[in-house]
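Q: Here it is, the structure, as structure tokens.
Number of protein chains: 2
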Amino acid sequence: MSGAAEAGKRERTKQANRAAILHAARDAFVELGYGATTVRDIVRRTALASGTFYNYFPDKEAVFRALVDETARAAAERTHHARRSATTLEEFLGLGFRVYFELLLADRATFELVRRNAGTVRAMFDEPAIGAGVDLLADDLRAAIGSGLLPDHDARMMASAMAGATFELAVRMLEDDAPDVERAVGFCTRLFAGGLARLG
Amino acid sequence: MSGAAEAGKRERTKQANRAAILHAARDAFVELGYGATTVRDIVRRTALASGTFYNYFPDKEAVFRALVDETARAAAERTHHARRSATTLEEFLGLGFRVYFELLLADRATFELVRRNAGTVRAMFDEPAIGAGVDLLADDLRAAIGSGLLPDHDARMMASAMAGATFELAVRMLEDDAPDVERAVGFCTRLFAGGLARLG
DNA sequence: AGCTAACGTGACGGGGGCGTCAACTTCGAT
DNA sequence: ATCGAAGTTGACGCCCCCGTCACGTTAGCT
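In the order they appear, the protein sequences are chains A and B. Just so we're aligned: the first sequence equals residues 327 to 526 in the working numbering. Just so we're aligned: the second sequence equals residues 327 to 526 in the working numbering.
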């Protein structure tokens, strides 16, 4: 009846349960904060029994890692890819910012997760994953310096400043009733186009 | 023997106990994160009994609020005051940044508290107190716009970007063995002097 | 249809936190 | 020196969480 040649029921249930746990965990972490959330808080937002949780994850930390890892990887990859085609500084900045803001807008739930648990993210992944891939951004900046798009300054500082400013602006943007990505992108692009050039 | 005309012993003990609790709480919040910290975790880092805690604070949230409130108030006041004397954009920026970075350097323990519990701070004080007084910064920016130091753009966005970038740079700076305030101040000042001017 | 390995279930023992309170100690006033 | 109020103590009852495991159910193979 329903659709295609899916895997067996066993496998489908497994996927569904895993997804249910991840979804419930995200909600719980956003609502209660990672530290105050218990495995029971997660399971309760699910139709499953408490024992089942442990068939999928060893503890709540593993769920948190799975949640953050996946998103961070995707975000870093996509902004990195977007910047590849840039030939001017404005393009480099604008393309990266646009992808970043659009990702956040498309997956607000995960954004809330990071926002509410920024300290935990930082403590757990020692990389300051707040910007989800600041190191990759720094690499991109170094490449841009190499090809003359940017003055030769500390790329890590540039990356930190950009990530911090961008994250904070995203918070503001998503608080609005009608988030305006173009406005945010334009602001960031002009701010950093002017600012980074001034460093030289 | 020891010094001046202090208040009675009763009063002195009270102050000492309160201070001990605040100190212990700060350590616990940094180490375990706010959510995972229990009142017992706080008391245990103290020579006091568990019941005594409740003579000073109703619960751990009250301690956290006391900790953050005090620092945020002081930081906002001092940066605000520093900026009052500025007559150029570079001065306005440089003075503010310097005070901010020096405060963080002087009270690293509280900085760690905010860094580790940024999400909680945001959730508890709905103001994004990550920058400890972004609203006040926005006010200062509006004043600067009024006196022609800055182009007339959304002061909230400017303030968010500045606070975010600055906080993230502070994290980097304090990770260094020999934190260089002047370097950080110079970087921020040039970045935003160039960037904010470009908005016009 | 019959069988079995895989999986879901929820009760259980052990651990620990919460906020209280009756008993005790100590300050400081008389 | 005496005494009462202020403050400290830690054990207590209640509650909830943790991770496990013996038991039931079911998918999917033959």
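Just so you know, even glycine gets a beta-carbon here, dropped at the ideal spot from N, CA and C.
What's the gap between the Cα of LEU393/B and the Cα of ASP452/A?
A: Distance between the alpha carbons of LEU393/B and ASP452/A is about 25 Å.
Q: Can you name the residues of chain A whose CB is closer than 9 Å to the CB of TYR360/B?
A: Those are GLY359, GLY361, ALA362 and GLY445, listed as they occur along chain A.
Q: In the structure shown, what three-state DSSP assignment does TYR426/B receive?
A: Three-state result, TYR426/B: helix.
Q: Cutting at 6 Å between CB atoms, please list the residues of its own chain near ARG524/A, excluding the five before and the five after it.
A: Excluding sequence neighbours, ARG524/A sits near nothing in its chain.
Q: Decide if LYS335/B is buried, meaning its Cβ has at least 16 other Cβ atoms within 10 Å, or exposed.
A: Result: exposed.
Q: Exposed or buried, what is TYR426/A when buried is set at 16 or more other beta-carbons lying within 10 Å of its beta-carbon?
A: Under this definition TYR426/A is a buried residue.
Q: Ordered along the chain, which non-local residues of its own chain (more than five positions away) have a Cβ less than 7 Å from that of LEU476/B?
A: LEU415, LEU467, ALA470 and LEU522, listed in sequence order.
Q: Under the rule that 16 or more other beta-carbon atoms within 10 Å means buried, what is GLY474/A, buried or exposed?
A: Classification of GLY474/A: exposed, given that the 10 Å Cβ count is below 16.
Q: Around the C-beta of GLU494/B, are 16 or more other C-beta atoms found within 10 angstroms, so that it is buried, or is it exposed?
A: When all chains shown are included, GLU494/B counts as buried.
Q: Kindly give me the distance between the Cβ atoms of ALA435/A and ARG509/A, rounded to whole angstroms, as I take these residues to be in contact under 8 Å.
A: The Cβ separation is near 23 Å, so there is no contact.
Q: Please tell me whether SER328/B has its Cβ less than 8 Å away from any Cβ of chain A.
A: Confidence at SER328/B is low in this model, with a pLDDT of 41, below 50, so its placement is unreliable and the value that follows should be read with caution. With 8 Å as the cut-off, SER328/B does not count as an interface residue toward chain A.
Q: Which residues in chain A sit within 9 Å of GLU387/B, going by Cβ to Cβ distance?
A: Here the premise fails: no neighbours, minimum Cβ distance about 11 Å.
Q: Please compile the residues from chain B whose C-beta is within a distance smaller than 8 Å of the C-beta of GLU396/A.
A: None at all; the shortest Cβ gap to chain B is about 19 Å.
Q: Taking all protein chains shown into account, do 16 or more other C-beta atoms lie within 10 angstroms of the C-beta of ALA342/B, making it buried, or fewer, making it exposed?
A: Exposed, by the Cβ-count rule.
Q: Can you find a CB in chain A that lies within less than 8 Å of the CB of LYS335/B?
A: No, its Cβ sits nowhere closer than 8 Å to a Cβ of chain A.
Q: Just checking: is the beta-carbon of GLU417/A within a distance shorter than 8 Å of some beta-carbon in chain B?
A: So no, GLU417/A is outside the interface.
Q: Between the segment 488-507 of chain A and chain B, which residues of the former have a C-beta closer than 8 Å to a C-beta of the latter?
A: Within the segment 488-507 of chain A, the residues whose Cβ lies closer than 8 Å to some Cβ of chain B are MET488, ALA489, GLY490, ALA491, THR492, PHE493, GLU494, LEU495, VAL497 and ARG498, listed in chain order.
Q: Roughly how many whole angstroms lie between the Cα atoms of THR446/B and THR364/B?
A: Near 15 Å, if we compare the C-alpha coordinates of THR364/B and THR446/B.
Q: Along chain B, in chain order, which residues have C-beta atoms closer than 8 Å to that of LEU525/A?
A: What LEU525/A touches in chain B: PHE513, ARG516, LEU517 and GLY520.
Q: Residues of chain A with CB closer than 9 Å to the CB of ARG448/B, please, in chain order.
A: By Cβ distance, chain A contributes ARG441, ARG442, ALA444 and VAL497.
Q: Return the first residue and the last residue of the alpha helix (DSSP H) that ASP503/B is part of.
A: That residue, ASP503/B, is in no alpha helix (DSSP H); it is neither H nor E in DSSP.
Q: Note down, in chain order, each residue of its chain lying with its Cβ closer than 7 Å to the Cβ of LEU348/B, except the 5 sequence neighbours on either side.
A: Cβ within range, chain order: VAL389, ALA392 and LEU393.
Q: Can you tell me whether ALA444/B is helix, strand or coil according to DSSP?
A: In the structure shown, ALA444/B sits in a helix (DSSP, three-state: H, G or I).
Q: Just checking my contact of PHE423/A with LEU500/A at CB under 8 Å: how many whole Å lie between their CB atoms?
A: With a Cβ gap of about 15 Å, PHE423/A and LEU500/A do not count as contacting.
Q: Find the nearest neighbour of ARG409/A within the set GLU403/A, LEU421/A and ARG399/A, judged by alpha-carbon distance.
A: Of GLU403/A, LEU421/A and ARG399/A, the residue nearest in Cα terms is LEU421/A.
Q: Which residue marks the beginning of the alpha helix (DSSP H) containing PHE390/A, and which one marks its end?
A: Counting along the chain, the alpha helix (DSSP H) containing PHE390/A begins and ends at 386-410.
Q: Under 8 Å between C-beta atoms, does ARG409/A make it to chain B?
A: Output row for ARG409/A: interface = no.
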